[in-house]
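See below for the structure under consideration.
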Amino acid sequence: MRTTTTKTRTKATRWLLSAAVAGAALFGSTHEAQAQEILVTGPLAGAPAVRHLRLYRQGRFEVSPAVTFSLLDQYQRTIFFGARLNYNFTDWLGVGVFGSYGGVKIPTALSDHVQKVNAQRRAENAKFKQANNGAELVDQRLVDTNLGPDFKDQLGTMDWILAPQLTVTPFRGKLALFKNIFVDTDLYFFAGPAFIGVQERADCPANSCKGKYDRASRVAIAPTFGLGFTFYVNKWNAIGFEYRGLPFSRNTGGFDTRGGGKDKNFPDNAISGQDRQFQFNQMLTISYNFYFPMQYRVSE
Amino acid sequence: MKKTRTGLLVAAALWVVPAVAWGQHKAEPDKSGDAQAGSADEGAAAEGADKGGGDKGAEGSDIPGGDEVPGTGEPLPGGAGLGDICQIDPQACPHLDMAKEAKKPLHEQIYAMQQLYVLRARRFEINPYWSFTLNDQFVSHPAPGIALNYYITNVLAIGANFNYYAPFNNDSKFNADLRRAARVAVPLTEYSWGAAGNFTYVPAMGKFAGFGDFIFHYDAYVVGGVGALSTRPVPIIDPDNRNFSYKTNLAFNAGIGLRIFFNRWFAGVLEVRDYIFNDKLENLSIPTTVKEQQDSANWYGDSKLTNNVQAQIGISIFLPFSFEYRLPK
Chain A
27 MRTTTTKTRT
37 KATRWLLSAA
47 VAGAALFGST
57 HEAQAQEILV
67 TGPLAGAPAV
77 RHLRLYRQGR
87 FEVSPAVTFS
97 LLDQYQRTIF
107 FGARLNYNFT
117 DWLGVGVFGS
127 YGGVKIPTAL
137 SDHVQKVNAQ
147 RRAENAKFKQ
157 ANNGAELVDQ
167 RLVDTNLGPD
177 FKDQLGTMDW
187 ILAPQLTVTP
197 FRGKLALFKN
207 IFVDTDLYFF
217 AGPAFIGVQE
227 RADCPANSCK
237 GKYDRASRVA
247 IAPTFGLGFT
257 FYVNKWNAIG
267 FEYRGLPFSR
277 NTGGFDTRGG
287 GKDKNFPDNA
297 ISGQDRQFQF
307 NQMLTISYNF
317 YFPMQYRVSE
Chain B
14 MKKTRTGLLV
24 AAALWVVPAV
34 AWGQHKAEPD
44 KSGDAQAGSA
54 DEGAAAEGAD
64 KGGGDKGAEG
74 SDIPGGDEVP
84 GTGEPLPGGA
94 GLGDICQIDP
104 QACPHLDMAK
114 EAKKPLHEQI
124 YAMQQLYVLR
134 ARRFEINPYW
144 SFTLNDQFVS
154 HPAPGIALNY
164 YITNVLAIGA
174 NFNYYAPFNN
184 DSKFNADLRR
194 AARVAVPLTE
204 YSWGAAGNFT
214 YVPAMGKFAG
224 FGDFIFHYDA
234 YVVGGVGALS
244 TRPVPIIDPD
254 NRNFSYKTNL
264 AFNAGIGLRI
274 FFNRWFAGVL
284 EVRDYIFNDK
294 LENLSIPTTV
304 KEQQDSANWY
314 GDSKLTNNVQ
324 AQIGISIFLP
334 FSFEYRLPK
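These protein sequence lines map, in sequence, to chains A and B. So in the numbering used here, the last one in the first sequence is 326, and the numbering has no gaps at all. So in the numbering used here, the last one in the second sequence is 342, and the numbering has no gaps at all.
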């Protein structure tokens with residue numbers, strides 16, 4: 027006569043065995059499927075990749091009002107307003123120009139913090155100076171070359187950009203969004219020389235920069251390149267997203283950082299071209315594109 | 014014993030029933046013999062294959078002639094076989110004006126992508142990557158990482174990812190330049206590791222023709238989740254007395270990614286993800302006495318909501334390597 031304990035153990039064993047076998051069946055049996063390999067034979071063999079391709083670009087002018095946002099800025103963000111004009115000789119090659127004006131400039135939190143410290147230091151220094159016959163705090167004297175009364179007034183800026191460029195569109199395709207919205211898309215690359223209107227702290231010779239924090243303008247020339255996505259809304263409109271790189275040297279903070287010491291890697295109490303540091307300026311552009319004539323061609 | 018037998022029989026039945034990947038909804042039976050426009054063949058990406066459209070709609074086939082419809086003199090739609098019905102029950106005899114029927118617009122449901130190149134449902138994804146910081150000019154945090162996902166459906170996955178930052182934190186020259194020029198210190202943080210559980214949703218799929226010659230498939234996804242990030246301040250205000258330990262912070266994350274498929278199980282991945290957490294920073298002021306300076310309670314300053322935006326570049330490997338479509342193309 028079996029005891030209650032033995033009965034319970036036997037029952038548990040049976041359940042465990044059944045569960046283990048069922049689990050193995052579930053996880054072991056589902057994924058032996060083989061993918062179908064597509065063999066292009068019959069009437070499609072040798073056919074081009076795409077037939078009846080809508081040629082959105084070929085032989086059309088492109089006018090694209092655009093808003094551009096600078097990325098990864100140290101002291102000041104810039105929002106540019108402008109446009110891109112292109113003429114596309116073929117569906118994959120076009121030439122044009124990108125122009126933009128930096129209408130909105132927004133200091134970063136770092137700039138606010140620097141100015142807050144600067145203002146406190148100047149206030150303390152003014153009191154110390156009054157109480158000590160014009161003597162200044164060491165803290166203040168050490169930054170006199172670099173920091174004026176308002177840090178934001180000496181920040182380097184990009185005021186405008188003009189860039190003739192070549193555009194190559196090697197990839198054309200389509201996108202299904204939520205399996206319901208279908209849009210034609212393309213991916214393009216561009217490159218060209220860019221002319222940039224720059225403002226930065228004006229040069230001053232060694233040991234004479236205290237009190238001279240004004241900015242001067244210049245035109246910098248730099249390569250520009252990037253890539254973009256276009257999503258075609260209809261025959262003659264599209265939405266564009268573009269990433270642009272614009273590497274060149276500029277003095278973003280108006281500081282004396284280079285020009286002296288070993289390998290000229292240390293300050294020299296002067297503001298000059300040596301204080302310009304290499305910046306890989308990056309931007310993101312959002313545009314709405316218009317294509318003329320309004321009707322596209324279709325390939326064979 | 015009886016129950017064990019039953020369990021084993023159920024298991025055997027599960028083994029026998031073929032498990033297949035779901036390709037698309039079962040289409041309505043096609044009454045025409047013509048090929049439907051817009052079928053996504055590998056050799057020809059069908060342009061204009063939008064829902065409801067097509068270069069060639071299905072054409073109605075002619076009804077073979079036969080007996081007439083009683084009372085109209087028109088040939089019976091359906092042919093001689095339906096003549097029997099009309100003779101038995103004239104009321105049930107079909108009355109169709111074929112010329113009128115042929116002019117009716119057809120709204121056949123045609124999917125732009127009738128057979129997806131890659132089916133993700135019930136597959137694992139292994140995604141090793143390298144990440145680098147996009148938005149921190151003071152300290153960059155590049156890191157190797159790995160993500161593991163399981164696709165519950167073709168568009169929804171659950172998974173986890175891990176980043177290892179510790180040996181790679183990089184204090185930039187910009188910090189030294191700023192401290193020297195403006196005598197302003199910015200508190201810095203270094204990371205050790207990060208881990209998170211995530212959901213991934215794939216709302217967009219597409220394909221590109223490259224140089225008019227080859228076709229490749231891609232998808233775009235959004236990812237979000239919650240996890241932990243281990244960080245500590247870098248002592249720069251008072252390095253003589255302060256020595257921080259790593260602390261784990263709750264971190265949420267959200268991102269978007271793009272996957273380009275080289276074949277049905279291997280893809281390149283580019284993702285941008287924002288890890289959001291509350292970071293405790295170093296105290297910017299130093300107490301006056303040595304005892305207070307060495308008291309760790311005075312080492313920490315404000316907490317700041319921090320966004321660590323990082324780009325991740327890697328590969329995806331889907332397992333199992335292959336799958337089966339449920340329906341023929």
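Every residue, glycine too, gets a C-beta built ideally from N, C-alpha and C.
DSSP three-state assignment for residue i, whether helix, strand or coil
i: R83 (chain A); result: coil
i: G66 (chain B); result: Low per-residue confidence applies at G66 (chain B): pLDDT is 33, beneath 50, and the placement is therefore not dependable, though the value from the model is reported in the following sentence. Of the three classes helix, strand and coil, the one that applies to G66 (chain B) here is coil, per DSSP.
i: F53 (chain A); result: Because the pLDDT at F53 (chain A) is just 45, under 50, the model does not fix this residue reliably, and the value given afterwards should be weighed accordingly. Helix, per DSSP.
i: F181 (chain B); result: helix
i: L161 (chain B); result: strand
i: A161 (chain A); result: coil
i: F275 (chain B); result: coil
i: K205 (chain A); result: coil
i: I98 (chain B); result: helix
i: T166 (chain B); result: coil
i: C156 (chain A); result: Note on identity: in this sequence residue 156 (chain A) is Gln, with Cys being the wrong assignment. Looking at Q156 (chain A) - three-state DSSP - the assignment turns out to be helix.
i: D292 (chain B); result: strand
i: Q37 (chain B); result: Annotation note: pLDDT 39 at Q37 (chain B) (below 50); position unreliable, no value reported.
i: P319 (chain A); result: coil
i: R286 (chain B); result: strand
i: S316 (chain B); result: strand
i: Q323 (chain B); result: strand
i: S335 (chain B); result: coil
i: D210 (chain A); result: strand
i: S325 (chain A); result: coil
i: A194 (chain B); result: helix
i: P103 (chain B); result: helix
i: Q100 (chain A); result: coil
i: R148 (chain A); result: helix
i: A135 (chain A); result: helix
i: S234 (chain A); result: coil
Chain B contact residues for residue i, given Cβ-Cβ distances below 9 Å
i: F281 (chain A); result: D190, L191, R193, A194, A195
i: D165 (chain A); result: R196
i: V224 (chain A); result: Within chain B, no residue comes near V224 (chain A); the closest Cβ sits about 19 Å away, beyond 9 Å.
i: V259 (chain A); result: Residues of chain B passing the Cβ test: none, with the nearest at roughly 14 Å.
Under 7 Å by beta carbon: chain B residues contacting residue i
i: G254 (chain A); result: Here the premise fails: no neighbours, minimum Cβ distance about 14 Å.
i: L168 (chain A); result: R196
i: V143 (chain A); result: V197
Selected residue, minimal CA-CA separation from residue i, among the options
i: L310 (chain A); options: A:K261, A:P91, A:S96; result: A:S96
i: N182 (chain B); options: B:T244, B:I289, B:Y288; result: B:T244
i: A10 (chain B); options: B:N254, B:T261, B:V247; result: For residue 10 (chain B) there is no data in the structure shown, the boundaries of chain B being 14 and 342.
i: G108 (chain A); options: A:F115, A:Y101, A:V123, A:N114; result: A:V123
i: I187 (chain A); options: A:V259, A:Q100, A:Q102, A:F106; result: A:F106
i: R80 (chain A); options: A:D117, A:P91, A:L111; result: A:D117
i: Q100 (chain A); options: A:R276, A:K290, A:D294; result: A:R276
i: V236 (chain B); options: B:N256, B:G225, B:T213, B:P252; result: B:T213
i: R13 (chain B); options: B:D184, B:I101, B:A195, B:L332; result: An answer regarding residue 13 (chain B) cannot be provided, because it is not within the stretch 14 to 342 covered by chain B.
i: P175 (chain A); options: A:N159, A:Q141, A:D165; result: A:Q141
Cross-chain neighbours of residue i in chain A, by beta carbon under 8 Å
i: Q150 (chain B); result: L98, Q100
i: L161 (chain B); result: Per Cβ cutoff of 8 Å: no residues; L161 (chain B) is ~16 Å from chain A at best.
i: F212 (chain B); result: None at all; the shortest Cβ gap to chain A is about 16 Å.
i: F187 (chain B); result: Q100
i: L169 (chain B); result: Result: empty, since nearest Cβ-Cβ is about 13 Å, beyond 8 Å.
Listed by chain order, chain A residues near residue i by CB distance under 7 Å
i: F224 (chain B); result: P196
i: L201 (chain B); result: Result: empty, since nearest Cβ-Cβ is about 13 Å, beyond 7 Å.
Beta-carbon contacts of residue i that lie in its chain and below 6 Å, excluding the five residues immediately before and after
i: F215 (chain A); result: V194, L253
i: L163 (chain A); result: N151, F154
Per-residue contacts from residue i into chain B (C-beta, under 8 Å)
i: T211 (chain A); result: G219, F221
i: N414 (chain A); result: Since the first and last residues shown for chain A are 27 and 326, residue 414 (chain A) lies out of range.
Cut-off 8 Å between Cβ atoms - residues of its own chain near residue i, not counting five sequence neighbours on either side
i: I328 (chain B); result: N140, P141, Y142, F279, A280, G281, V282
i: L161 (chain B); result: F137, E138, I139, N140, G172, A173, N174
i: N148 (chain B); result: N320, N321, V322
i: F53 (chain A); result: Here F53 (chain A) scores only 45 on pLDDT, less than 50, and its place in the model should not be relied on; the value that follows carries that caveat. If we look at F53 (chain A) and ignore the five residues flanking it on each side, it has no Cβ neighbours.
Same chain, Cβ closer than 7 Å to residue i, five either side skipped, listed in chain order
i: I98 (chain B); result: A105, C106
i: F187 (chain B); result: Q150, F151
i: D315 (chain B); result: L294
i: K317 (chain B); result: D292, L294
i: A59 (chain A); result: Unreliable positioning characterises A59 (chain A) in this predicted model, as indicated by a pLDDT of 37, which lies under 50. The coordinate reading is nonetheless provided below. Answer for A59 (chain A): no residue qualifies.
Closer than 9 Å to chain C by CB, residue i
i: W262 (chain A); result: The structure shown contains no chain C; its protein chains are A and B.
*Contained beta strand (DSSP E) runs [length at least 3] in the segment 200–243 of chain B, N- to C-terminal order*: 201–223
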